[in-house]
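Here's the structure we're looking at; comments come further down.
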Amino acid sequence: MKRLLISLFLLSLLLTACGGSSASPTAAPPAATTAPAATSAAVATTAPAATPVPAATRCACARGDPKSAIIAAIQKPDEGGPYRTTTNIVSDSGTIEMTGEIVPPDKIHTVMKMADFENENILSANRDGRRRKVYGKCRPCPAA
Numbered sequence: 001m002k003r004l005l006i007s008l009f010l011l012s013l014l015l016t017a018c019g020g021s022s023a024s025p026t027a028a029p030p031a032a033t034t035a036p037a038a039t040s041a042a043v044a045t046t047a048p049a050a051t052p053v054p055a056a057t058r059c060a061c062a063r064g065d066p067k068s069a070i071i072a073a074i075q076k077p078d079e080g081g082p083y084r085t086t087t088n089i090v091s092d093s094g095t096i097e098m099t100g101e102i103v104p105p106d107k108i109h110t111v112m113k114m115a116d117f118e119n120e121n122i123l124s125a126n127r128d129g130r131r132r133k134v135y136g137k138c139r140p141c142p143a144a
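Going by our numbering, the residue at position 126 of the sequence shown is 126; the numbering climbs one at a time, nothing skipped.
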């Protein structure tokens, strides 16, 4: 059960990192409407030419080799700033709240809370700073 929850949490982090581009297609600007001038002669007018709408950009994860897309999604958080995620899982057995904060390239803080259990992980690339907090007790992570 714990592996499933941790896997779901990591999957939510990957989906957050793979989020796609923030650019959205823009519509053509509305044509300015003006009242016709009060003149005695009728003037022929033409409709303004339509401005082409750029195609929506696709997420880089949607094309190519799936393996390279997954590897790119895993490596993408290292390129950006800090990320925060919150995931709530509601089931018949209770509610699980998972929160995480990632500060690339070397800091991760995750907390998983259930009704009867809380697991907090604080990981850093600096071996002296690696700590794992389980049941409220902080202890060093085992050596790799």
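We treat Cβ as the ideally placed atom computed from N, Cα and C, and that holds for glycine. What you are looking at is a predicted structure, and each value in this text was computed from that prediction instead of being measured.
- Spanning the alpha carbons of Y83 and S7 requires a straight line of approximately 18 Å.
- One alpha carbon belongs to G94, the other to M114, and they sit about 7 Å apart.
- Between G81 and F9, the CB-CB gap reaches or exceeds 8 Å.
- In the DSSP assignment, S91 is bridged to G94.
- Distance from S12 to T85 at the Cβ level is roughly 6 Å; contact confirmed, criterion being Cβ atoms closer than 8 Å.
- Taking the Cα of I96 as reference, the smallest distance to any Cα among T87, V103, P104 is reached at T87.
- By the Cβ-count criterion, I71 is exposed, with fewer than 16 other Cβ atoms from all chains shown falling within 10 Å of its own Cβ.
- Secondary structure note for K107: its beta strand (DSSP E) is the uninterrupted segment 107-113.
- Bridge pairing for I6: absent [DSSP].
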